[in-house]
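See below for the structure under consideration.
2 protein chains.
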Amino acid sequence: MTKTARKSDVLELEHFLPYRLSHITAIVSAQLAERYAEPFDLSVPEWKVMAVLGRFPDLSANEVGEKTVMDKVTVSRAVTRLSEKSCVRRRLAKDDKRRSVLSLTSKGKAIHREIVPMVLHYERELMESLTVRERDTLSLLIEKLEKRTEMLAANYLLLPS
Amino acid sequence: MTKTARKSDVLELEHFLPYRLSHITAIVSAQLAERYAEPFDLSVPEWKVMAVLGRFPDLSANEVGEKTVMDKVTVSRAVTRLSEKSCVRRRLAKDDKRRSVLSLTSKGKAIHREIVPMVLHYERELMESLTVRERDTLSLLIEKLEKRTEMLAANYLLLPS
DNA sequence: GTATATTAGTTTCAATTGAAACTAATTGCA
DNA sequence: TGCAATTAGTTTCAATTGAAACTAATATAC
């Protein structure tokens with residue numbers, strides 16, 4: 000009998016992984032947003048777009064959507080707004096004029112450079128509750144879960160009944 | 000130099016805990032909702048309310064909000080809709096007529112009983128990627144992070160500048 | 001005891017969301 | 001080539017959201 004064992008037909012939310020993930024994530028996202036949203040007048044989708052473009056320049060809107068798990072409408076609007084604020088530049092791909100090539104402007108980069116240390120500081124504060132070894136373990140476990148969801152998605156699509 | 004080490008001013012999203020949590024949670028939540036939302040005509044907030052009431056009967060709307068990290072407006076509306084569908088009963092607390100006492104009706108319980116095995120099955124599929132020991136570790140790590148966010152919330156409120 | 005402050009929950013209203021329809025560009029293939 | 005199917009991204013519109021205002025009940029202060 001392990002800590003996580005339970006009767007098969009009782010949903011103990013406090014031990015149910017999707018519930019626990021959603022709980023800790025909602026709190027972490029809110030605490031993080033507290034630190035950048037108002038100060039920099041950025042919505043959560045806007046910051047997500049800037050964050051991925053800071054890390055991976057010249058993505059298409061689609062690719063941004065994949066990396067942030069946001070749908071294309073949300074991405075499109077965040078990019079429009081960021082472009083109005085001159086934080087993101089959208090060009091057209093040479094080889095395919097449907098596709099856009101998104102990148103941070105120098106203004107966007109400057110804001111990105113201001114926010115990054117703040118969010119890293121927050122992450123460091125959060126991680127202080129874990130040993131270095133635990134951090135690596137957590138990273139590994141999340142990776143395993145991610146791989147697993149990819150498999151499940153593939154399976155589920157094959158059996159849509 | 001550990002796996003998670005990095006330069007202090009570069010945001011490598013693929014190693015950034017809030018990003019990774021948000022990524023895996025979005026996918027898990029979506030895969031879970033796929034399994035109950037349409038089949039049972041339940042929105043995500045509605046299912047969350049039913050799930051906590053199945054586990055903790057006779058909560059107030061406020062308490063439901065705390066347990067699900069949903070704001071009171073969302074809870075209020077989910078409860079209204081569930082009540083219209085005769086899945087949840089709302090009574091008034093004897094000792095404080097502002098407070099409601101929420102519980103699943105027999106119909107609500109029946110639906111709950113149908114969904115629970117499905118979501119537990121999904122969780123089991125997800126967890127198959129981890130050893131029993133890893134499951135316990137993950138549980139412990141999430142708990143530590145939760146505790147930590149509580150501390151940070153308290154601190155941040157004290158220094159609102 | 002009455003007035004004020006606080007708390008639980010609902011309603012209103014404006015902003016955000018995402019599904020579906022759309023535009024424009026590209027690919028496939030007869 | 002040329003026409004149907006697909007793909008990238010945007011727009012439209014109806015549904016969902018949450019902040020702020022509100023109602024009703026309780027707690028606190030004087």
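Protein sequence lines, in the order shown, are assigned to chains A and B.
The first sequence runs 0 to 160 under numbering that gives the first Met the number 0.
The second sequence runs 0 to 160 under numbering that gives the first Met the number 0.
Even for Gly, the Cβ is constructed at its ideal location relative to N, Cα and C.
Specify the secondary structure class of residue 9/A as computed by DSSP and reduced to three states. coil
Any Cβ of chain A within less than 8 Å of the Cβ of residue 160/B? At residue 160/B the pLDDT is 37, less than 50, meaning the model places this residue with poor confidence; the figure from the coordinates comes in the next sentence. It does not; no Cβ of chain A falls within 8 Å.
According to a CB-to-CB cut-off of less than 9 Å, which residues of the stretch 5 to 29 of chain B neighbour chain A? 5, 7, 8, 9, 10, 11, 12, 13, 14, 15, 16, 17, 18, 19, 20, 21, 22, 23, 24, 25, 26, 27, 28 and 29
Quick one: grab the DSSP three-state call for residue 58/A. strand
Taking C-beta pairs closer than 7 Å, name the residues in chain A that residue 68/B reaches, listed in chain order. 22, 25 and 26
With C-beta atoms as the reference, is residue 125/A less than 8 Å away from residue 151/B? yes
Determine the direct distance from the alpha carbon of residue 27/A to that of residue 48/B, and round the result to whole angstroms. 21 Å
Which of the residues in the stretch 47 to 76 of chain B, read from start to end, lie with their CB under 9 Å from any CB of chain A? 47, 50, 51, 53, 54, 55, 66, 67, 68 and 69
Can you tell me where the beta strand (DSSP E) with residue 99/B in it begins and where it stops? 99 to 103
For residue 79/B, the nearest candidate out of 129/B, 68/B and 41/B (CA to CA): 41/B
Neighbour-count burial assignment, residue 38/B, 16 or more Cβ in a 10 Å radius: exposed
Beta strand (DSSP E) runs contained entirely in the stretch 69 to 115 of chain B, provided each spans 3 or more residues: 87 to 91 and 99 to 103
In three-state terms, what does DSSP make of residue 40/B? coil
Any Cβ of chain A within less than 8 Å of the Cβ of residue 87/B? no
Run through chain B and tell me which residues come within less than 9 Å of residue 44/A, C-beta to C-beta. Result: empty, since nearest Cβ-Cβ is about 12 Å, beyond 9 Å.
Measure from the C-beta of residue 128/B to each C-beta in chain A and report whether the shortest distance is under 8 Å. yes
Beta carbon of residue 81/A, beta carbon of residue 45/A: below 8 Å? yes
Residue 104/A: contacting residues in chain B (beta-carbon distance under 9 Å): Simply none; closest approach about 17 Å.
Which of helix, strand or coil does DSSP assign to residue 129/A? coil
Own chain residues within Cβ distance below 7 Å of residue 85/B, not counting five before or after: 104 and 106
Residue 81/B versus chain A: which residues are under 7 Å apart at the beta carbon? Ordered by position in chain A, no residue passes the 7 Å Cβ test against residue 81/B, which lies about 17 Å from the chain.
Applying the 10 Å Cβ sphere with the 16-neighbour rule, what's the burial state of residue 19/A? buried
What's the C-alpha gap between residue 112/A and residue 53/A? 9 Å
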